[in-house]
Each structure stands twice: as C-alpha cells, then as structure tokens.
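Enquirer: The numbering used here puts the first residue of the first sequence at 15, with every later residue one more than the last. No residue lacks a Cβ here, since even glycine has one placed at the ideal position from N, Cα and C. One structure, as structure tokens, below. Some questions next.
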Amino acid sequence: MTIEVLTKRADFLLANKGLRNARPGFVLLTRPNQGKGKRFGITVTKKVGNAVVRNRMKRRFRELLRDALPAEGLADHDHVLVGRVGGIARDYHRMRKELTHALAAASEGKGDRPRKPRKPRK
RNA sequence: CCAGGGGGCCGGGCAGCCGCGUCCUUCGACAGGCUCAGGAUGAGCGGGUUUGAAGGCCGAGGAAAGUCCGGGCUCCACGAAGCAAGGGUGGCGGGUAACGCCCGCCGAGUGAGGGCUUUCGGGCCUGAGAUCAGGGAAAGUGCCACAGAGAGUAUACCGCCGAUGGCCCCUAAAGGGCACAGGCAAGGGUGAAAGGGUGCGGCAAGAGCGCACCGGGGUUCUGGUAACAGCGCCCGCAUGGCAAACCCCACCCGGAGCAAGGCCAAAUAGGGGUCUCGCGCCGAGAGGCAGGAGUGUUUCGCUCCGAGAGACCCGGGUUGGCUGCUUGAGCUGCGGAGCAAUCCGUAGCCUAGAUGAAUGGCUGCCCCCGCAGCGCUGGUCGCAAGAUACCGGUUGCGGGACAGAACCCGGCUUACAGGUCCCCUGGCAUC
RNA sequence: CGGGGAGUGGCGCAGCCUGGUAGCGCAUCUGUUUUGGGAACAGAGGGUCGCAGGUUCGAAUCCUGUCUCCCCGA
Numbered sequence: 015m016t017i018e019v020l021t022k023r024a025d026f027l028l029a030n031k032g033l034r035n036a037r038p039g040f041v042l043l044t045r046p047n048q049g050k051g052k053r054f055g056i057t058v059t060k061k062v063g064n065a066v067v068r069n070r071m072k073r074r075f076r077e078l079l080r081d082a083l084p085a086e087g088l089a090d091h092d093h094v095l096v097g098r099v100g101g102i103a104r105d106y107h108r109m110r111k112e113l114t115h116a117l118a119a120a121s122e123g124k125g126d127r128p129r130k131p132r133k134p135r136k
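Here's what the structure looks like:
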C-alpha cells in the first residue's frame, strides 16, 4: 500500500482543523479524509531557519513518517507534521518515540486545545 | 625558523544497514490505438501524464546565496544610419561573446620596513605592497554655512610706512615730530580654504619688484602604440575647491523574460465585438435572387441548405501533461605563443535535472581542535610528598564552518571552522 | 523572475530633492492651579538618523555596498 503526499494548499488548511498534538520538535495534525488512505504532508515555515535547515528538517520528518506510518499511522487520515525550532538539533530516536506517543494520542481522539482561527487584521 | 603583508587551491575520508531521484537493461501487469480473422472473442503490430520487481551508472557549491552588472536562448516591436529623450560607463594599452570584469603599464595620495643624520622634538633618502567613481573647473550656471576686514570682479580690522606732498618744531644747514593726503600687504587674527613656497637682495615700508632653488603653466625635441616620462627653452606666474551639484565631451544601451516560447489533452460557450480577404448575381450591410435537398394540395407554396477563412480584443473554461532541459563561450591531460589576463593546437571524457521540489536517516572507525583538582602513563623538575610551562602515548566527553541547483554561462559582492601552497619586506641562525 | 516603498527620541511622523540649526504631536518628569484627581498653563529631559565604507572643509541628506521589514505584478 502506498502512502500519498499532500500537495494542495486546501488539504493543509483542512488538516489544521483536525487534532493537534504538540511535541518539542514538531506539531502533529491529524484529520480523517473520507477513505483516501493514509496521507501525509510536511510544513516547515521560513521562521525555522534558512533553506538548508528547512530542507534537512523535512528530510528527517520524511524519514520519521516512512518509519512510523505503515504500522502506527491512522487509517484514512491525513497526517501533517509542522516543524518547530526545537526540532532542528533534537535527537532522531527521541523524536521517533515522541511521534509514536503523539500518534497513539491522536488515535484515542486526544489532542491539544484547537487553535483559534486567525482573525484577518485590519 | 620567526614576524608582518598579499594571493592561489582544497573545504573532511572510509565502511555497514535502511531509504530517495533521473537514465539504462531485463522480466511483468494494464488503459486507449491500428491491422487481420470473426458468433462471444482471439492473434499480431506498435505503444504510454499508468504501474510492479530485479540489476547497473550517476547524483549540490565555492560561494548553489544576494540578484548588482554582462551575455546566450526565446517571443514581441522595428528598413538602415542618424537625431531626440532617458539610463550607464570614464587614465592608457591589451584580453574577452560581452561587461561596470580580468591582466599589464602610467599617474596620484598612502605606506610596512630599511638606510643616513640628529640639538632626541625631528629631518632627509629609499621603498614592497595594498588603495583610487582616475575625462573636463581659462564652455557656461550654481554653491562655499558660521567666523572673518575680505571667499573668487579679492580685501584692509589690528598693523607697517609715511620716501613724496601737507602741517608743526628747531633752523645757517642738517635734522626732529604729527599720522592729514597717501602707500603697503610682510606680520597678527578668522577660517577647511586668504590668490604659489623657502632664502637672499631690494625698499620709506613692502610686494615675483629682482635673483637662486622648489612648485606651476606653455612649448621644441627625444623615448614610448598610448597614458606619460625626460632634457632644453620661454612665461614671474591673479585665474582656488566641489562635476558621488546642474552640466560639457567621448563611448555604450530596443522591450520583456523559461511562469520566455512551442505542442497535446481536458473543459465551457458550439458565445460577443472590430478589422481584413473572399463569395454565381444584386447590395455598404441586413437581406434578396439564382441554384440544391425535402415535402405537399405539384405552371405553385412551405421548410432547410445556399461561404467561409484569418488577425486582434472581450467574455467563459482550464491550474493537467510533454517539450524548452541540459553538449556547453564545457571538463581533464599534454604541447606551444605571451611578462600576464588569455589564446591556439591536440588527445580523451560526458559529469545533477528535482517540481509540496531527489542528492537523505542511523551507526562505527580514522583525521583535526578543545576540555578533563595532570584523568592514567612515560619523559622532564624535585631527596620526597608532589609539580606540570614543554615533549610523547592513552582514556572519557564535546565540537568540525558558511550554506541547497530550479533555463544556462562570464563576472562582481557578501558569508565562512579549518587545512595547504606560493610571493614580497624584514629579523635571527647556519653554510 | 520582475517592480515599488520604508528604517529618525518610548510611539506615530516631518526634515533628505536644493549638504552646515535634527523639528512636530502624543507619552514621561517638574512646577502652578485644585480639598484631591483629571483637564488647562509654564518649563525640562530624552535621538549611534538600520549598519559599513566613500565623496566633501562638513553627510540624517549625495554615492556605493550590506541588513531587516512591508507591498504589488506574472
């Protein structure tokens, strides 16, 4: 079974309305997607660092998801990892365990307080 | 060997497990297509925005960065040249596809260091290197605040003089005084800058007024492709600074950018407008007539057809794919020309093409650096306890920069741990 | 890829084109007034002009490089 990659901006915006599980290195967003299979996406903003730092973080996240999703991922859900500054130098194996716990929490329906929709500033 | 300065090159290596991307090979699956045969359907050809497996090759940088210049390439516009506007560049020569880049030379100020001298404040000479937006200021316009008498047609506040003329004193004459006329620009003072500098002469006092040297301007000749340099001669020489103020001179520049541009698929309207060309006949056109087809109640009537194509614009739809896309002012070696930048010849090589964007994740060993009441140990020092600036081994922990191709090149600029090589100047030691 | 704009006291802005004195409003502090506060009035303090070079006698201003932020077009 193949795992698809999210490419549309709209998918990311929808995932933002799902469950949030924050860890020191990342934020995991999960949301059911009406039977489209396991999908994942990665968001690393410019605030995290320059291009080298951002690319390296995305590669490490891909490696994490490649290892974790087949066994621990939620079926028919979109998974989005959002990079945080703490994830730059964090140990890989430690983040791997944190991802396991975050996925377990998400499968039980637990999550952090959902973020308020951002108001358009005048 | 050390110190200072300048420049070039490299910018971690090896291995294991798991993984990513392009391309190639092999074996498969599958949609649509064509041909043949045909009852369902089958066989063959050929093939891909589909897809699986195995194997193989290759896979970020010196700045890939900033996007500051110059090109290639593509489309658009346009007779050429020139002019105008706007922008850019600016010593000379060379290199280059081109440049605001590079090399060499010239000039300017600067100047590590060295030598000589000294009244120890300094003075003189030499001078590697780096730096320079380095055309024009007697083409013109403008500006130079404050201070100052005067700031660009120079000026006269303090000051100096007052020879000559004037007035006064004393007079035989000589002389003395005043600072009125007038002369001067040396000194003081202001300033960033005061209309060449130093010295001697000269003078009433002064002044390029005269002379010597330095500086400056002009010019003959010589050397050099040239910028320019040198020698001689002439001019006593008012004619600052700013052009990164306007400007003048010389030279250069059409515009947009790979989301350029081309092709395919899908999708909606089977849209509207303008213009051009065309149409069997008429008409600017709408349309009418001829003609054709169908039909019926058949000398006639009804319906339909009876010319479209191209360009641009508006509206609507699409946010998919292929191509451009990596062989190029290419890289490496050798030989040659040149002081050099660079060029020429020759042999070999093919060396990233992603697109929510590949080139990674984890680990071990080696290398370099730092830290460990000297951690342990051998030197070293100390009688010893011990000490540890220095040298060697070893253990543990930590660290190894700046930074990610996006059409492609040539530069510039900026960031950068560490390593390595070369050149220049000087010092010390040895031969 | 292309284009435009901004950076000046704590905050919001002038000054820049045409170079010599950095100014305005709000805020802060002090005083007067008031029983006290507010308001009003009078006065005071506070600025590396984003950073680094250069041109100039002199730079917030001119030139070059650089950093950060914002906006627009394809």
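(1) Are the beta-carbon atoms of V67 and R98 separated by less than 9 Å?
(2) Excluding the 5 residues preceding and the 5 following A82 in the sequence, name in chain order all residues of the same chain whose CB lies nearer than 8 Å to its CB.
(3) Between the region 82-94 and the region 38-46, do at least 3 Cβ pairs fall closer than 8 Å?
(4) What did DSSP end up calling P46 once you bin it into helix, strand or coil?
(5) Can you check whether the CB of L28 is closer than 9 Å to the CB of D92?
(6) Taking the alpha carbon of E18 as the reference point, which residue from N64, R80, K31, R53 has its own alpha carbon closest?
Expert: From the atom records:
(1) Here residue 67 is taken as the residue at index 53 of the first sequence, counted from 1. Here residue 98 is taken as the residue at index 84 of the first sequence, counted from 1. Going by C-beta atoms, V67 is not nearer than 9 Å to R98.
(2) Within the first sequence, the letter at position 68 stands for residue 82. Within the same chain, Cβ atoms closer than 8 Å to the Cβ of A82 are found at R110, L113, T114, L117, the five residues on either side in sequence being excluded.
(3) Using a Cβ-Cβ distance cut-off of 8 Å, the region 82-94 and the region 38-46 are in contact, since at least three pairs of beta carbons, one from each stretch, lie closer than that value.
(4) As a working note, residue 46 is residue 32 in the first sequence. Looking at P46 - three-state DSSP - the assignment turns out to be strand.
(5) As a first step, residue 92 is located in the first sequence; it is residue number 78 there, counting from the start. As a first step, residue 28 is located in the first sequence; it is residue number 14 there, counting from the start. With respect to the 9 Å criterion, D92 and L28 are classified as neighbours on the basis of their beta carbons.
(6) As a first step, residue 18 must be located in the first sequence, where it is residue number 4. Checked all of N64, R80, K31, R53; the closest Cα to E18 is R53.
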